[in-house]
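Colleague: Each residue of the sequence shown is one higher than the one before, starting from 1 at the first, in the UniProt record's numbering. Even for Gly, the Cβ is constructed at its ideal location relative to N, Cα and C.
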Amino acid sequence: MSARDFAGNSRSRRELWELDAPTLCLQLERQVFAPIMSRRYDSRTTIFSPEGRLYQVEYALEAISHAGTALGILANDGIVLAAERKVTSKLLEQDTSAEKLYMLNECVPTNMICAVAGMTADANILINYARQAAQRYLLTYNADIPCEQLVRRLCDLKQGYTQHGGLRPFGVSFIYAGWDPQRQFQLYQSNPSGNYGGWKATSVGANNASAQSLLKQDYDENCNLKQACELAVRTLSKTMDSTKLSSEKIEFATVGKTPNGTIYHHLWGADEIEALLKEHGLAKENTNETTEQAMGSAGYAENRPES
């Protein structure tokens, strides 16, 4: 230790001894106990930090920000939900069933579906809870549960996981699309803290800020379901890694009303999604067909007799 460092340390010790008791305690708390306490705020869901933050809830929101984008758009005659399905490996066998879109009351003419962004395992627990709540309401009142009431029950459960020790928040956000006689078509969004709100157009997941900006710029309150589908694919094409899309990377669902007044939901198949993408010039070219055509042309050139 140099003479300057020793003199500096001696001066700091002298300054500490000259402090009164309350100021000395405050200095010790800042220098010694603050790092220890910050780790406690970091790991406990029930303790607020000095800034008034719950870090575990913020970490759950951060996990959602790395998930595939999901968005919902409310139209005059229905609602469209679209979600990005992230393909982690080309060697992974593709599942034809939806993994980002779920029905919330399957045993009756479905009036509510949802899109998820975040940890799918957490989403499965909450979706099963919502389905049971919808069926209990149907058994008790012989009617579909109102959309907002089902959203509120689910958010009450999520909020409870931020109040008790030994638990962690659910790392998933939902976008709900539904219809009921009281409020007609409705679109809601909820996050891990248990907050929810009604929206005309919203998005969650990766590139959420840019998707929200695009929706705010291009959304029309008088749009129909077809125009909402067009806006959804255009928004996804600008927020995903590639501008050309395919049915392997996105999922689509709509809630609408037939001319006779029956509410329906429709999970789009791969052929329907490809047709929508081709209609708007966003479909990805089939690389296998292109390769075969190129090889065929090359083979024809090789086998062509010389003139």
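(1) Locate the beta strand (DSSP E) running through residue 101, then write down its first and last residues.
(2) Looking at C-alpha atoms only, which residue of 151, 161 and 259 is the closest neighbour of residue 113?
(3) Pull up the DSSP beta-bridge partners for residue 265, would you.
(4) How about residue 245 and residue 172: do their beta carbons lie closer than 8 angstroms?
(5) Does residue 163 come out as helix, strand or coil in the three-state DSSP assignment?
(6) Buried or exposed for residue 139, please, with buried defined as at least 16 other CB atoms from any protein chain shown within 10 angstroms of its CB.
(7) Determine the DSSP secondary structure at residue 114, reduced to helix, strand or coil.
(8) Would residue 101 and residue 134 be called neighbours here (beta carbons separated by less than 8 angstroms)?
(9) In its own chain, which residues sit with a C-beta less than 7 angstroms from the C-beta of residue 207, not counting the 5 before and 5 after it?
(10) Which residues share a DSSP beta bridge with residue 180?
(11) Check for me: the alpha helix (DSSP H) holding residue 202 runs from which residue to which?
(12) Within 10 Å of its beta-carbon, does residue 308 have 16 or more other beta-carbons around it, so buried, or fewer, so exposed?
(13) Specify the secondary structure class of residue 98 as computed by DSSP and reduced to three states.
Modeller: So, from the listed chains and residues:
(1) 101–103
(2) 151
(3) 255
(4) no
(5) coil
(6) exposed
(7) strand
(8) no
(9) Correct list, in chain order: 69 and 239.
(10) 184
(11) No alpha helix (DSSP H) contains residue 202, which is instead part of the beta strand (DSSP E) from 201–204.
(12) Outside the displayed span of the chain (1 to 307) sits residue 308, for which this structure offers no information.
(13) coil
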